[in-house]
Structures are given as structure tokens and as C-alpha cells.
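Per full-length UniProt numbering, the very first residue in the sequence shown carries number 61; after that it's consecutive.
Shown next, in C-alpha cells, is the structure this report addresses.
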Amino acid sequence: VSIVASSVEQSYIMIKPDGVQRGLVGEIISRFEKKGFLLKGLKLFQCPKNLAQEHYKDLKDKPFFPGLIEYITSGPVVCMAWEGVGVVASARKLIGATNPLQAEPGTIRGDLAVQTGRNVVHGSDSPDNGKREIGCGLRGVKCYLNRLVKIWQRG
Ligand code: RTP
Numbered sequence: 061v062s063i064v065a066s067s068v069e070q071s072y073i074m075i076k077p078d079g080v081q082r083g084l085v086g087e088i089i090s091r092f093e094k095k096g097f098l099l100k101g102l103k104l105f106q107c108p109k110n111l112a113q114e115h116y117k118d119l120k121d122k123p124f125f126p127g128l129i130e131y132i133t134s135g136p137v138v139c140m141a142w143e144g145v146g147v148v149a150s151a152r153k154l155i156g157a158t159n160p161l162q163a164e165p166g167t168i169r170g171d172l173a174v175q176t177g178r179n180v181v182h183g184s185d186s187p188d189n190g191k192r193e194i195g196c197g198l199r200g201v202k203c204y205l206n207r208l209v210k211i212w213q214r215g
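This is the structure:
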């Protein structure tokens, strides 16, 4: 990953269900904090299937897509917006390669995971996708909560 950013950006970082279940939330947040990025938003969220499909829509023709949707919706995720100069590419470096066995030691996946299908964290791959995913993720969270509140109000 080459880092040629000079402007403030936002990246959507999501701790996947395995990261939450394994108790890695603090560890992962800590790495972004120590690097010096700014946490702008955070929600614990059970992702509905349609939002997971929207988030990963670029991968919808891949053979692993159904398994990916099942995994991402299998338990709560932590949705976060992180801000800083060059945060998108830098976060990808901190996270490491998609296949954790190929991720360098010192990266999140290199230190904490072994399987591509259980790679504990997601990070936006471009500033535009950062915007799109934060819009989709956080707006999705809001819509979802509004829906729940309505259901509770109806009793
Ligand atoms: P992410 O979007 O989660 O940050 O991952 P990425 O850019 O490093 O990788 P991408 O190619 O966008 O794939 C998204 C997620 O799909 C799952 N995957 N499974 N079984 C497989 O061969 C396979 N390939 C990808 C992973 O959870 C990956 O992070």
C-alpha cells in the first residue's frame, strides 16, 4: 500500500463478529488510537442481511459471497469511523493482508488471525468507499435502530 494522502479523510473500520466474540475490540481500537487517528463514531451493531449485502456488493459474484454474508451477520460487529490524514491507506497497513497467514507480524491480522474467512476486521479500500461505507454503515445503524424503536412502541 503506498501512502500519498495529504488531506484529512475518514475510513470505515469494522470489527467483525469473530473479533467481537474473541474479545479483541479493545486491542484493535487501541492500535488505531496509538497510531494517532481520531475516533469519530462507534456503534455495536447486529448487521441485518440486506445491509451486509449492500456493504459487500462489489463481491456479490464471488463464490464465497453467501458464506461472507452469513459470517458478517452471525453476531454483533463494531462499526467505527476513524479520521486523519491518510487514514484509509494507513488503516489498511495496520490491518494487514486479507489472508492473515500472509499478513506481516505487527499487523492486526498478522498478530491475531489465521483464516481469510475469519480475519477479524474490515477497513475501507479508498477514501470514496470510506465515505460510502460510513454513510451506509452509520445511516444503516440509525435506520435499523429507528425500526426497532417503532417495533417496541407498537409493543
Ligand atoms: P475487507 O473488505 O474485509 O477489509 O477485506 P479485504 O479488502 O482485505 O478483502 P476483500 O477482497 O474485499 O474481501 C472481503 C472479505 O471477504 C472475505 N473473503 N473470503 N474465502 C475467501 O476466499 C475469501 N476471500 C475474501 C474476507 O472476510 C475478506 O476480508
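Virtual Cβ for every residue (Gly too), placed ideally from N, Cα, C.
Nothing here was measured: the structure is a model prediction, and the numbers come from that model.
Just checking Thr167 against the ligand RTP - is the residue's beta carbon closer than 6 Å to any of the ligand's heavy atoms?
no
Classify Lys76 as buried or exposed, calling it buried when 16 or more other Cβ atoms lie within 10 Å of its own Cβ.
buried
Three Cβ pairs or more, each shorter than 8 Å: is that satisfied between the region 88–99 and the region 136–155?
yes
Please give the ranges of any beta strand (DSSP E) in the UniProt domain "Nucleoside diphosphate kinase-like" (68–197), keeping only runs that are unbroken, at least 3 residues long and fully inside the region.
Runs found: 68–75, 98–105, 137–145, 181–183.
Counting only the same chain and skipping the five closest in sequence on each side, list residues whose C-beta sits under 6 Å from that of Asp78.
Arg178, Val180
Have a look at Tyr72 and Met140 and give me their C-alpha separation to the nearest angstrom.
6 Å
Neighbourhood of Val85 by C-beta distance below 8 Å, restricted to the same chain and skipping five residues each side
Ile75, Gly79, Val138
What whole-angstrom Cβ distance do Ile89 and Cys107 have, given they're in contact under 8 Å?
That belief does not hold up - the Cβ atoms of Ile89 and Cys107 are roughly 19 Å apart, past 8 Å.
Can you tell me which of Glu69, Ser66, Leu104, Gln70 puts its alpha carbon nearest to the alpha carbon of Gln81?
Relative to Gln81, the option among Glu69, Ser66, Leu104, Gln70 whose CA is nearest is Leu104.
Please confirm if the region 117–133 is in contact with the region 161–178, defined as three or more CB-CB distances below 8 Å between the two stretches.
yes
Using the beta-carbon count (16 or more within 10 Å), is Glu193 buried or exposed?
buried
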